[in-house]
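Here is the structure we will look at, set down as structure tokens.
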Amino acid sequence: MDFTKLPSILTPDLGLLFWMLLAFIVVFFVLAKFGFPAIINMVTDRKNYIDESLRKAHEATERMENIKQESEAMLQEARERQAQILKEATETREDIVTKAQEKAKEEGARLLADAKAEIEGEKQQAIRDIREQVAELSVKIAEKILRENLSTDAEQMKMIDRLLDDVTANK
Numbered sequence: 000m001d002f003t004k005l006p007s008i009l010t011p012d013l014g015l016l017f018w019m020l021l022a023f024i025v026v027f028f029v030l031a032k033f034g035f036p037a038i039i040n041m042v043t044d045r046k047n048y049i050d051e052s053l054r055k056a057h058e059a060t061e062r063m064e065n066i067k068q069e070s071e072a073m074l075q076e077a078r079e080r081q082a083q084i085l086k087e088a089t090e091t092r093e094d095i096v097t098k099a100q101e102k103a104k105e106e107g108a109r110l111l112a113d114a115k116a117e118i119e120g121e122k123q124q125a126i127r128d129i130r131e132q133v134a135e136l137s138v139k140i141a142e143k144i145l146r147e148n149l150s151t152d153a154e155q156m157k158m159i160d161r162l163l164d165d166v167t168a169n170k
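Under numbering that gives the first Met the number 0, the sequence shown has 80 at position 81, and the numbering climbs by one with no breaks.
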């Protein structure tokens, strides 16, 4: 291969290399003085922004975890409170049912006692009525028997003497 026939850009001479090196050094100096610090500042700012965003995301995650734990605790507390309220309601219902049953038993016993007393009173009244009727009938029957048997004066005197003898004998 013959390098003499190649374009001059590919085989630069010494003067072109000098000017290219000088231009490179100037551009490098300008970039080092003004460009690289700006780029480094932007990269640092971007790094700080990303770090801050990651920190905030981590804090947000921790807060979300805390909120989740608090909500679970509140939910558990609400469930416990609900269970307690249901237990109290059940106990209250059982107390009310028990009291109602006791009151019903007492009322039933009272009504039964009242009914027995009323029946006893009616029984005693019926017995008195029957005795009065029996006594009245006995008197009427005795009166009729005595009238028939004691139709004469002699029979009446005989009966009076006999009754007086019985009364004096019983004393």
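Using N, Cα and C, we set each Cβ at its ideal position, and we do this for glycine too. It should be emphasised that the depicted structure is a prediction, and the values quoted were computed from it without experimental measurement.
Nearest-angstrom Cα separation, counted from residue j out to residue i
i, j, result
"glutamine 68", "alanine 88", "30 angstroms"
"leucine 110", "lysine 122", "18 angstroms"
"glycine 172", "alanine 37", "Any answer about residue 172 is impossible in this case: the structure gives the chain only from 0 up to 170."
"glutamate 154", "aspartate 128", "34 angstroms"
"methionine 41", "leucine 30", "14 angstroms"
"lysine 143", "alanine 134", "14 angstroms"
"lysine 157", "glutamate 131", "30 angstroms"
"arginine 62", "alanine 77", "22 angstroms"
"alanine 103", "glutamate 117", "20 angstroms"
"leucine 21", "glutamate 58", "52 angstroms"
"arginine 54", "tyrosine 48", "10 angstroms"
Element boundaries [alpha helix (DSSP H), containing residue i]
i, result
"phenylalanine 28", "13 to 29"
Interface flag, residue i vs chain D, CB-CB below 8 angstroms
i, result
"methionine 158", "Looking for chain D here will not work: only one protein chain is present."
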